[in-house]
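What follows is a set of notes on a single structure, which appears directly below.
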Ligand SMILES: [Zn+2]
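Here's what the structure looks like:
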């Protein structure tokens, strides 16, 4: 996932502080505190879905067959994760398809986690497995699904559905063991209204030639590699496809296809570059699904089919590092997976490191250095806002929604840790180590301590003294950025800093700003580091010269709107409103609302814009903005 710089999540920081201060029970590494599942007693091995999509009722209806292995002969209760599911029956499917009803009960709801589904299981020896069928339907407010009306799509003619299961939202559309330490293969039949196409994070199987009596056409899928539940993904809409290479391509709504195919023309060479660096790509195809603008995240690394925000289509391929990021997850995250959300940095820190290596190989060192520097800036902003316990790579997220705990720490601090290892052992040695790591733990879920043990045995022992235990401890279990970190050089933006200083002090006029050749990253750095206040005339000049409010580049527009809000630059507000009511990517909208809420006038504007924008946002973005934009007194 490519998520968000954290912006003033004061509530989360305070909560973390309380948890630590109250002397909570000692955390046990490897235990998933965000799942009810009793994984030591039963393990789901495979998931077989049969779901019909009802856009009018805003529900998925059908059943799931879980192939459940019994690990403990004495266990009599299977506990699954659910959130807002209507369960109508649970039964045991025996050979010959005979079914026996099982007694089941939903337990009490727990904040952030949903409800446990307790199923009474017949006795049986350990090592046996059985098929449990659950008939159910989702609710319209399912946190892992977004159903869009035709008006909310690019084409305006057909509805659209997509899932976002990470971190703990698979349970809102499938009852299962919703923890990344359980890996499953899956099969699915998705029944959709005629004229629409279904896609999943799986190989595509046969499609029924004719609709059934309900007018639904069945699409079939199979994922033969074992994946964590958060990588099960579905989308349904009016989709078109364009191949980009022998094993790569892009799905979008038809009206976006041309622009997307141009923007992501390097996809096939990205996959080859990754393979040269980190070993074989093990998932068959790699396609992109470009989502409608309300998608909550930049991208989601669903295997074989990354889900991508359209806000990275800048027209000049300047934001494709996000694609490199999602592709890199095919190694770090999808192949070797964090066992719990405490270990999220194993997914994201490695992935940012790989992403920058891909960017360097394809677009050169300068581009890589700029992205490194911007990454460090956003890490520092987050660290300044967070309580020290939230700075740890191995983070205690008990009592928190793992979505809200996502900051730049697992991403950029995790990346800096790998950069540090590279500096002590050399790139070639680290690359060899990483290839070995991906092979050794392929299709497994591991925790922080398992990684560190592997690191000690397979790298650190080769050159004793090169990295000390104290240094490892500082990176993983202590706050801040260690003083011995190897940081990117800010020199890469020196000319931009000079231009900004000269411009803001008045010694360089707006028309003399050397901005015509600036990349997206240079614009971001120029705008993100502006003085706190600027005179109205300077803002007028910038707007007149560069039409920043109208920028088709969602990142540049975002950086500009932050400057505009800080200075209450009202001429930018109509464009700001258009932006906030069109785009639903949490990273791009949350900080803007947060900035607006800092003044009385801004708060009023934030409330009025949010009232219009909220229905179009994804539940994940709604939750984030609900916490910021509070009703006025
Ligand atoms: Zn990611």
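Numbering (my numbering), first residue to last: 999 to 1631. We put the CB at the ideal spot given by N, CA and C, even for glycine.
Terminal residues of the alpha helix (DSSP H) in which residue 1435 lies: 1425-1438
Cβ neighbour criterion (16 or more within 10 Å) applied to residue 1338: buried
Count the other C-beta atoms from every protein chain shown that fall within 10 angstroms of the C-beta of residue 1498, then say buried if there are 16 or more, exposed otherwise. buried
Mark residue 1628 as exposed unless 16 or more other C-beta atoms lie within 10 angstroms of its C-beta, in which case mark it buried. exposed
Suppose you measure from the CA of residue 1295 to the CA of residue 1316; what does that come to, to the nearest Å? 18 Å
What is the rounded straight-line gap between the Cα of residue 1409 and the Cα of residue 1352? 11 Å
Counting only beta-carbon atoms, is residue 1150 nearer than 7 Å to chain D? In the displayed structure, chain D is absent; only one protein chain is listed.
Could you check if residue 1000 belongs to the surroundings of ligand 1, using beta carbon to heavy atom distance under 6 Å? yes
Determine the contact status of residue 1228 and residue 1163, defining contact as a CB-CB distance below 7 Å. yes
Runs of 4 residues minimum, wholly inside the stretch 1218-1272: which ones carry the alpha helix (DSSP H) assignment? 1255-1261
Run the CB neighbour count on residue 1118, radius 10 Å, all protein chains shown included, and call it buried at 16 or more, exposed below. exposed
Please state if the CB of residue 1051 and the CB of residue 1159 are separated by a distance shorter than 7 Å. yes
Taking only the alpha-carbon atoms, compute the straight-line gap between residue 1309 and residue 1291 and give it to the nearest angstrom. 7 Å
Following a CB-centred definition, is residue 1349 positioned closer than 6 Å to any heavy atom of ligand 1? yes
Give me the residue from 1057, 1253, 1492 and 1134 with the minimum Cα distance to residue 1151. 1253
Cβ of residue 1346 versus every heavy atom of ligand 1: is any distance shorter than 6 Å? yes
Should the stretch 1557-1575 be regarded as contacting the stretch 1528-1548, the criterion being three or more beta carbon pairs within less than 8 Å? yes
Going residue by residue through the stretch 1030-1111, where are the continuous beta strand (DSSP E) segments of at least 3 residues, counting only ones entirely within it? 1040-1052, 1057-1068, 1075-1080, 1083-1091, 1097-1099 and 1102-1104
Can at least three beta-carbon pairs, one atom from the stretch 1169-1180 and one from the stretch 1237-1246, be found at a separation below 8 Å? no
Do you know whose CA, among 1184, 1200, 1393 and 1548, lies nearest residue 1042's CA? 1184
Under 7 Å between C-beta atoms of residue 1199 and residue 1301: yes
Exposed or buried, which one is residue 1344 when buried takes at least 16 other CB atoms within 10 Å? buried
8 Å contact criterion, which residue 1000 and residue 1297 should meet: CB distance rounded: 5 Å
Helix, strand or coil for residue 1297 per DSSP? strand
Measuring straight from C-alpha to C-alpha, what distance separates residue 1422 and residue 1593? 41 Å
Selection from 1085, 1100, 1084 and 1083 that minimises the alpha carbon distance to residue 1091: 1100
From residue 1565 to residue 1383, what distance separates their C-alpha atoms? 22 Å
Beta-carbon separation of residue 1187 and residue 1168 under 7 Å? no
In chain order, what residues of the same chain lie with their CB nearer than 7 Å to the CB of residue 1202, ignoring the 5 residues before and after it? 1219
Cβ shell of residue 1033 (< 6 Å), same chain only, five flanking positions each side left out: 1079, 1176 and 1177
Would you tell me roughly how many angstroms separate the C-alpha atoms of residue 1650 and residue 1511, rounded to the nearest one? For the chain, the structure presents residues 999 to 1631; residue 1650 sits outside this window and is missing.
Taking the alpha carbon of residue 1413 as the reference point, which residue from 1247, 1113 and 1391 has its own alpha carbon closest? 1391
What do you get for residue 1400, buried or exposed, if any count of 16 or more other CB atoms within 10 angstroms of its CB means buried? buried
Is the beta carbon of residue 1060 sitting closer than 7 Å to the one on residue 1049? yes
Counted within 10 angstroms of its Cβ, other Cβ atoms place residue 1024 as buried (16 or more) or exposed: exposed
Using beta-carbon positions only, say whether residue 1069 and residue 1035 come within less than 7 Å of one another. no
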